[in-house]
Amino acid sequence: MRLQQAAEVSLVRGARVISAEDILFLMRKDKKKVGRLLRYMSFRDYKSKILKSIDEDDLLDSDKYSSNVNKRQKLAQDFLGSIDQTGEFLALLEEEDIDEVKQERLERLEKQTRMMDPAQYSEFCESRQLSFSKKASKFREWLDCSSMEVKPNAVSMEILSYLAYETVAQLVDLALLVKQDMTPKTGDPFSHAISANFIQYHNPIAENNPDSPENTPPSTPNASLGGSHQGKLYSVTQGNGGLAQDGSSKVKQRKRKKSAAPCGTETQSNAIQPAHIREAIRRYSHKIGPLSPFSSAYRRNGMTFLVC
Numbered sequence: 001m002r003l004q005q006a007a008e009v010s011l012v013r014g015a016r017v018i019s020a021e022d023i024l025f026l027m028r029k030d031k032k033k034v035g036r037l038l039r040y041m042s043f044r045d046y047k048s049k050i051l052k053s054i055d056e057d058d059l060l061d062s063d064k065y066s067s068n069v070n071k072r073q074k075l076a077q078d079f080l081g082s083i084d085q086t087g088e089f090l091a092l093l094e095e096e097d098i099d100e101v102k103q104e105r106l107e108r109l110e111k112q113t114r115m116m117d118p119a120q121y122s123e124f125c126e127s128r129q130l131s132f133s134k135k136a137s138k139f140r141e142w143l144d145c146s147s148m149e150v151k152p153n154a155v156s157m158e159i160l161s162y163l164a165y166e167t168v169a170q171l172v173d174l175a176l177l178v179k180q181d182m183t184p185k186t187g188d189p190f191s192h193a194i195s196a197n198f199i200q201y202h203n204p205i206a207e208n209n210p211d212s213p214e215n216t217p218p219s220t221p222n223a224s225l226g227g228s229h230q231g232k233l234y235s236v237t238q239g240n241g242g243l244a245q246d247g248s249s250k251v252k253q254r255k256r257k258k259s260a261a262p263c264g265t266e267t268q269s270n271a272i273q274p275a276h277i278r279e280a281i282r283r284y285s286h287k288i289g290p291l292s293p294f295s296s297a298y299r300r301n302g303m304t305f306l307v308c
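Going by UniProt numbering, the letters in the sequence shown line up with residues 1 to 308, in that order.
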């Protein structure tokens, strides 16, 4: 949805490709998300600068690549300056605060890793190395860019990859909250009197058909994404999903399955289920208030944009 909107904006301004300006224009109303995106673009500039300096084996001579230094920041600064009437966007470029959302996630992950054994931590580290932008061709295929009249350029693909990653992270955070709400609280004498805050999606057809869309996860940009994400959710019994082809890799996979066998039942019961994701999206899209009937059509139809 966001990509289609960016394509429409680029067509309106007569551009041949979807650029970073189109995505920034769509996100202009949410200053916090724009600020987080600007931090990511700044990080990408620093990373490109360091990698290029290493390739050239010249850390002191910066004139060779001065034209490409901070190109993403300059692109964002020029565009935001052209639409900024109050100075709020330019102030975001000068902020150097830490990303509070990312910092909170890192602290939560650090607490979770304290109770992991070496095998679980190894699986956890492998899962954290996943990226939507590791193979651009797969990500473009997943976005169905071939069917679009205008296609995103390299910088906009980086931004779309970041937004996809953050969207998945936000869905997982919300699903964990839903799962926590579903967990019965022992010792609470008022739990029986509290109304249910979770909609049970009972679909007997999906339960009888294991290959139905309700029980089958969607395809991902990388073939190893599904199996590795199960490791991220601590489903360590799945191993690497059978991706290893050589003999040594198969032996390692069998050893990993044996080492993870005792905790397999408990891990599977603690995994996030599709119902948690659907309930998280429903809660995010549900608008409460006296003016909710007069909100936009997207919100009334449960089509709130969950991006970043």
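By construction, the Cβ of each residue, glycine as well, lies at the ideal position given by its N, Cα and C atoms. Keep in mind it's a predicted model, so treat the numbers as computed, not measured.
Distance from the CA atom of PRO274 to the CA atom of MET41, rounded to whole angstroms, is 32 Å. Here LYS151 carries a strand assignment [DSSP, helix/strand/coil]. In the displayed model, ILE272 falls within coil according to three-state DSSP, outside both helix and strand.
Here VAL12 is exposed: its Cβ has fewer than 16 other Cβ atoms, across all protein chains shown, within 10 Å. Around the beta carbon of PHE25, 16 or more other beta carbons lie within 10 angstroms, which makes this residue buried. Per the DSSP secondary-structure output, ILE18 pairs in a beta bridge with PRO152. With three or more CB-CB distances shorter than 8 Å, the region 1 to 15 counts as touching the region 142 to 150.
Between LYS111 and SER10, the alpha-carbon positions lie close to 44 Å from each other. Contact check for MET157 against ALA136 passes: the beta carbons are separated by less than 8 Å.
Contact between VAL150 and ILE23 is ruled out by a C-beta separation of about 13 Å, above the 8 Å threshold.
If the five residues before and after HIS276 are omitted, its C-beta is found closer than 6 Å to the C-beta atoms of ALA175, VAL178, LYS179, all from its own chain and listed in chain order. When the Cα atoms are used, MET115 and LYS71 turn out to be separated by approximately 42 Å. With fewer than 16 other Cβ atoms from the protein chains shown falling within 10 Å of its own Cβ, PHE43 counts as exposed.
The Cβ atoms of LEU90 and ASP99 lie no closer than 8 Å to each other. CA-to-CA, the gap between GLN73 and GLU95 works out to about 13 Å. Taken through DSSP and simplified to helix, strand or coil, ARG283 comes out as helix.
Here ALA20 is near ALA76, since their CB atoms are less than 8 Å apart.
Here GLU88 is exposed, its C-beta having fewer than 16 other C-beta atoms within 10 Å. With a 10 Å radius around the Cβ and a threshold of 16 neighbouring Cβ atoms, GLN120 comes out buried. With a 10 Å radius around the Cβ and a threshold of 16 neighbouring Cβ atoms, PRO152 comes out buried. As the crow flies, the alpha-carbon of MET182 is around 48 Å from that of ALA15.
With respect to the C-alpha of SER161, the residue from LEU80, ARG39, PHE139 having the closest C-alpha is PHE139. By the neighbour-count criterion, in which 16 or more other beta carbons inside 10 Å mark a residue as buried, ILE54 falls on the exposed side.
Rounded to whole angstroms, the gap between the alpha carbons of GLU104 and LYS49 is 28 Å.
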